[in-house]
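Colleague: What follows is a structure written as structure tokens; I'll ask about it next.
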Amino acid sequence: MEKDNFFQLCQEYNGATDYTLSAHILPITRQYLSCNTQRKLPVIWLETSDSGDNNIAFMNTTYPYLNQVFTDMIDLLYSNTFMAAQGQDALDILNEAVEAYRGKFTLVVEGAIPTKDHGIYNVIARTKQRNITAWDAVTWLGTAAEYVVAIGTCASFGGASAAAPNLTGSVGVGKVLKREVINVSGCPVNPDWFVGTLAHLIMYGRPELDDIGRPKLFYGSTVHQQCQRRSYFDKKDFAEKLGDKECMFSQGCMGPRTGSDCPNRQWINHVSWPVKVNTPCIGCTTHDFPDGSVPFFTSLSKKSKDQYHEQKPSEEKGEEHESTKNPF
Amino acid sequence: MSLQKILFSPVTRLSGLLSVELEIDNGYITEANVSSTMYRGYEYIMRGRHVTDAVYLTQRICGICSTVHGAVASYLLDELYDNDIQENAQYLRNIILAADFLQNHIRHFYFFGLPDFVVMPDRPPFLKQNCFDCRLDENDNRRLAGHYIEAVKASEKSHQLLALFGGKAPHQHSFLHGGVAVAPTVDKITQALALIGDIREFVQRYMLVDTELISHFYQDYFHIGETPGCFLSFGLFRFGTKNEQVLWKGGVLENNCLTEPRLDLIQEDIARAWFERAKWLGEGEIHPAPHKPGAYTWTKGVLYRGRHFEGGPLARMGMNGYYQGGTSTMDRIVARSLETFLITELVEKWLKRLQPGEPPLKQKTELAKNKGIAVTDAMRGALLHSAYIKEAEVEKYDIITPTAWNFSPKDHAGHRGPVETALVGTSIPSAELKYVIPGRIIRSFDPCLSCATHLFDRRTNTIEEVIY
Chain A
132 MEKDNFFQLC QEYNGATDYT LSAHILPITR QYLSCNTQRK LPVIWLETSD SGDNNIAFMN
192 TTYPYLNQVF TDMIDLLYSN TFMAAQGQDA LDILNEAVEA YRGKFTLVVE GAIPTKDHGI
252 YNVIARTKQR NITAWDAVTW LGTAAEYVVA IGTCASFGGA SAAAPNLTGS VGVGKVLKRE
312 VINVSGCPVN PDWFVGTLAH LIMYGRPELD DIGRPKLFYG STVHQQCQRR SYFDKKDFAE
372 KLGDKECMFS QGCMGPRTGS DCPNRQWINH VSWPVKVNTP CIGCTTHDFP DGSVPFFTSL
432 SKKSKDQYHE QKPSEEKGEE HESTKNPF
Chain B
792 MSLQKILFSP VTRLSGLLSV ELEIDNGYIT EANVSSTMYR GYEYIMRGRH VTDAVYLTQR
852 ICGICSTVHG AVASYLLDEL YDNDIQENAQ YLRNIILAAD FLQNHIRHFY FFGLPDFVVM
912 PDRPPFLKQN CFDCRLDEND NRRLAGHYIE AVKASEKSHQ LLALFGGKAP HQHSFLHGGV
972 AVAPTVDKIT QALALIGDIR EFVQRYMLVD TELISHFYQD YFHIGETPGC FLSFGLFRFG
1032 TKNEQVLWKG GVLENNCLTE PRLDLIQEDI ARAWFERAKW LGEGEIHPAP HKPGAYTWTK
1092 GVLYRGRHFE GGPLARMGMN GYYQGGTSTM DRIVARSLET FLITELVEKW LKRLQPGEPP
1152 LKQKTELAKN KGIAVTDAMR GALLHSAYIK EAEVEKYDII TPTAWNFSPK DHAGHRGPVE
1212 TALVGTSIPS AELKYVIPGR IIRSFDPCLS CATHLFDRRT NTIEEVIY
């Protein structure tokens, strides 16, 4: 029901002294609730080339806790980490889920996609016929999904898995898919950013993204802008060493060029974050992490030798995969 | 029943990606190839970088055991810079490391292991659970499935404790070479004591009791998945100004005889791994060869005096006299739960010994050495980092993870590694159990294939200095 109609209805029964108004509103409300708040997001989660730190980070979510996310927010249909089924039974679930929820499920990819040698450096499963590479699986599932969410910096931009010399030709998910990918970066992701993005998809649809595909809600301003030690920076009062209480810029802090709300949000039930323990932010949400952040303890102006120099992520797509069909 | 080939892929509920090929003859597993199917090449990534980057960068090898990579990289840097570690830093370091062990063990038991033995609710992510051999009654099933939720909280609290001192988790920030960057203040100590109190209560009330119940109903698993009893540990929880003492001693256990590990007896074996030596890369250099005939995994074999060795809580608990038992699937599970409890007691003790004060960090800036090697035990076994450096730049960085030991492929002589040995000879009495039984055996090793997939390439007999 439109807002105007709702107001009109309320006005119409405004003078009623019995329960007529409630009788009119309740069914509408019930209908609204059944259509709008009961939806659980069907999720297929692929682990590709990363350290598995993002599924661990996800387990650290508080309010909602992991079990509440499973019960109230998502139907985690396929996940190498959590699913009870194994072997062919797990692959059967994957195939059935894609058919049952085609165009409706959210694909979460955790890890970079190796593209060298046809992607042989990451095989998510083997069948008697062939190896299913991460590249095969992401290409297939990416075309069938409603949303694609890259969790962590490896999946978003290549991250540590694509660090120089990148022997495996690993790239972020966005490079191998011809569609929008929501990049929820971080090494690992802060569970709030990921669960918050899922909540946005469930309740309000696609979140507003920045120019490298990250939800502005979490990555829209820099660590530097929100840092508790900003007053030290403004007074040019820099730490002489790690462990000091002054500004960490001198110790390699990447805060000025890192989009993230770490200083306010903090980590693991919001208890701390790197600068709070007297160490620099190392820019783990950035598109060129880790190569753009090293040496970690050298100040920003002196960082990065030529071979690791940061570049804005290019618009061009990576090598194209031949088929978007079901590889099984 | 004639020879059957079973492809068990993917093996779920673990860290990383794993496939296993099994041959079954007359109802018994006669051959097993465990195959790690991802490769990242971390040691190459380390080359050319400032050596102090190792603490943060190597943590990115593994999500579930990140802290221990940072820890061993810090020990290595302590050696290279000749740092002296203050007493407060020693306690803080071990508290941070121990918190990650608690997180790992609790999550392994409940999130990864529990659905092997307990009927979970019929909803995602537990759909199509194979309950053909679930032996608990309805009440116990419901109760233990409920403890999954308690484990969610207890493992989160373990990481909260870690983050309180380490800044975040995974990939903590404050455990560095030279000490720890965080100040142990009374508010943090109090908060941490409250957290460890909760975690300890969880382990006592749920984890130990649940382990006992499962081991009672699945007693036959005290004879399934047995290994030959060759154990290796580098010891756990380092103390001393030079990291020279270790609380839980390590060793090499073979034929009931415990000896000190000698690092010069460790050898790689790439016979069945997707790697080749390349002359053009110089002596000893290897490179990935994904199409190598006869190879089946990205995990390189690692041998000690030419033999395969197993690591993990069972090795540690056995060597330190906390556990006497066998070498089976259930022994590994019981030892892990026991270790979890012992660690909660240690953390509480260490927290009480902390003296409130300034951050106990003193990093020297002049390098004392240009090569070094450091070892510790990680959650699932022995871990080694070594580095050759030139003016603080890494020339070569080598990592031997626990998974390289436990998930070793067959060596040049065809000898099987611990997991393959545990699988071979196992009875698979019916087709419904073709994944269930191997899955239980494999998971008892707490597989972490993210850790397996890194190139190590150590020239033997070239490193003399060893940290113990």
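Protein chains in written order, with this note's numbering: chain A, 132 to 459; chain B, 792 to 1259.
C-beta: ideal position from N, C-alpha, C; glycine also.
Looking at aspartate 1202(B): is its Cβ nearer than 8 Å to the Cβ of leucine 1133(B)?
Modeller: No, these two residues do not count as a Cβ contact at 8 Å.
Colleague: Give the straight-line distance between the Cα atoms of leucine 918(B) and alanine 216(A), rounded to the nearest whole angstrom.
Modeller: Distance between the alpha carbons of leucine 918(B) and alanine 216(A) is about 7 Å.
Colleague: Note the first and the last residue of the continuous beta strand (DSSP E) segment covering lysine 1033(B).
Modeller: From DSSP, lysine 1033(B) is part of no beta strand (DSSP E); its letter is neither H nor E.
Colleague: Could you give the residue range of the alpha helix (DSSP H) that holds tyrosine 335(A)?
Modeller: Segment 322-335, the alpha helix (DSSP H) holding tyrosine 335(A).
Colleague: What is the DSSP secondary structure of lysine 959(B), counted as helix, strand or coil?
Modeller: The answer is coil: DSSP assigns lysine 959(B) none of H, G, I, E or B.
Colleague: Looking at the structure shown, is glycine 1042(B) part of a helix, part of a strand, or coil, going by DSSP?
Modeller: Three-state DSSP puts glycine 1042(B) in a strand.
Colleague: For chain A, find out if any of its Cβ atoms is closer than 8 Å to the Cβ of valine 1138(B); answer yes or no.
Modeller: False, the Cβ-Cβ gap to chain A never drops below 8 Å.
Colleague: Could you list which residues in chain B have their beta carbon closer than 7 Å to that of valine 402(A), in chain order?
Modeller: What valine 402(A) touches in chain B: Gln951, Ala954, Leu955.
Colleague: If the cut is a Cβ gap below 9 Å, which residues of chain B does alanine 256(A) touch?
Modeller: Chain B residues near alanine 256(A): Ser800, Pro801, Leu808, Ser810, Thr828.
Colleague: Which whole-angstrom value is the C-beta distance of tryptophan 271(A) and proline 405(A), which I expect to be below 8 Å?
Modeller: Not really, about 38 Å apart at Cβ, beyond 8 Å.
Colleague: I'd like to know whether the C-beta atoms of alanine 880(B) and leucine 1049(B) end up nearer to each other than 8 Å.
Modeller: Not in contact: alanine 880(B) and leucine 1049(B) (Cβ atoms no closer than 8 Å).
Colleague: Mapping the DSSP letters down to three states, classify arginine 170(A) as helix, strand or coil.
Modeller: If DSSP states are grouped into helix, strand and coil, arginine 170(A) belongs with coil.
Colleague: Return the Cβ separation of leucine 1129(B) and isoleucine 980(B) in integer angstroms, given the expectation that the two are a contact with Cβ distance under 8 Å.
Modeller: 27 Å between Cβ atoms; not a contact.
Colleague: Measure how close the beta-carbons of glycine 303(A) and alanine 281(A) come, nearest whole angstrom, since I'm counting them as under 8 Å.
Modeller: That pair is a contact at about 6 Å.
Colleague: So which residues of chain A does isoleucine 815(B) contact, with C-beta pairs closer than 8 Å?
Modeller: The premise fails here: isoleucine 815(B) is roughly 14 Å from chain A at the closest Cβ pair, so nothing lies under 8 Å.
Colleague: Flag this pair as touching only if the region 887-896 of chain B and the region 906-915 of chain B have three or more C-beta atom pairs under 8 Å; answer yes or no.
Modeller: Contact fails: fewer than three Cβ-Cβ distances are below 8 Å.
Colleague: Does the beta carbon of cysteine 853(B) sit closer than 8 Å to a beta carbon anywhere in chain A?
Modeller: Cysteine 853(B) counts as touching chain A.
Colleague: Is any beta-carbon of chain A found at less than 8 Å from that of aspartate 1248(B)?
Modeller: Low per-residue confidence applies at aspartate 1248(B): pLDDT is 49, beneath 50, and the placement is therefore not dependable enough to give any value.
Colleague: When the Cα atoms are used, what is the spatial distance from phenylalanine 902(B) to lysine 959(B)?
Modeller: Phenylalanine 902(B) and lysine 959(B): Cα-Cα distance of roughly 22 Å.
Colleague: Exposed or buried, which one is methionine 190(A) when buried takes at least 16 other CB atoms within 10 Å?
Modeller: Label assigned to methionine 190(A): buried.
Colleague: To the nearest angstrom, how far is the alpha carbon of glutamate 947(B) from that of glutamine 982(B)?
Modeller: Distance between the alpha carbons of glutamate 947(B) and glutamine 982(B) is about 14 Å.
Colleague: Do asparagine 198(A) and tyrosine 939(B) have their beta-carbon atoms positioned less than 8 Å apart in this structure?
Modeller: Contact flag set, yes.
Colleague: So the candidates are Cys1021(B), Lys1083(B), Arg884(B); which of them puts its Cα closest to the Cα of leucine 1068(B)?
Modeller: A small fix is needed here, since residue 1068(B) is arginine in this sequence, not leucine. Nearest C-alpha to arginine 1068(B): Lys1083(B).
Colleague: Taking the alpha carbon of threonine 353(A) as the point to measure from, which residue in Ser180(A), Met385(A), Ile205(A), Gly300(A) has its own alpha carbon closest?
Modeller: Of Ser180(A), Met385(A), Ile205(A), Gly300(A), the residue nearest in Cα terms is Met385(A).
Colleague: With H, G and I counted as helix, E and B as strand and the rest as coil, what does DSSP make of cysteine 141(A)?
Modeller: Helix at cysteine 141(A).
Colleague: Using alpha carbons as the reference points, say which of Cys1239(B), Val811(B), Leu871(B) lies closest to glutamate 1211(B).
Modeller: Nearest C-alpha to glutamate 1211(B): Val811(B).
Colleague: Considering only residues of the same chain and omitting the five flanking positions on each side of tyrosine 1179(B), which have a CB-CB separation below 6 Å?
Modeller: Once the five neighbours on either side are set aside, the close Cβ partners of tyrosine 1179(B) are Lys1162, Glu1186, Lys1187.
Colleague: Is the region 841-849 of chain B touching the region 1211-1227 of chain B in the sense that three or more CB pairs, one from each, lie closer than 8 Å?
Modeller: Touching, no.
Colleague: Just verifying my parser: in three-state terms, what is the DSSP assignment at serine 946(B)?
Modeller: If DSSP states are grouped into helix, strand and coil, serine 946(B) belongs with the helices.
Colleague: Within the same chain, show all residues whose beta-carbon is closer than 7 Å to that of isoleucine 333(A), passing over the 5 residues directly before and after it, in chain order.
Modeller: So the qualifying residues of the chain are Arg170, Leu172, Met204.
Colleague: Hey, glycine 970(B) and histidine 964(B): beta-carbon distance below 8 Å or not?
Modeller: Not a contact, by the Cβ cut-off of 8 Å.
Colleague: Does DSSP put leucine 431(A) in a helix, in a strand, or in coil?
Modeller: Correct three-state label for leucine 431(A): helix.
Colleague: Are the C-beta atoms of glutamine 357(A) and some chain B residue less than 8 Å apart?
Modeller: Chain B contact via Cβ: absent.
Colleague: Candidates Tyr1087(B), Ile1015(B), Ile1061(B), Pro1052(B): which alpha carbon is nearest isoleucine 1077(B)'s?
Modeller: Of the listed residues, the one whose Cα sits closest to isoleucine 1077(B) is Ile1061(B).
Colleague: Give me the residue from Ala275(A), Gly423(A), Val254(A) with the minimum Cα distance to glycine 289(A).
Modeller: Ranking Ala275(A), Gly423(A), Val254(A) by Cα distance to glycine 289(A) puts Gly423(A) first.
Colleague: With 16 as the cutoff for other CB atoms within 10 Å, does glutamine 1115(B) come out buried or exposed?
Modeller: The residue in question, glutamine 1115(B), is exposed, as its Cβ has fewer than 16 Cβ neighbours within 10 Å.
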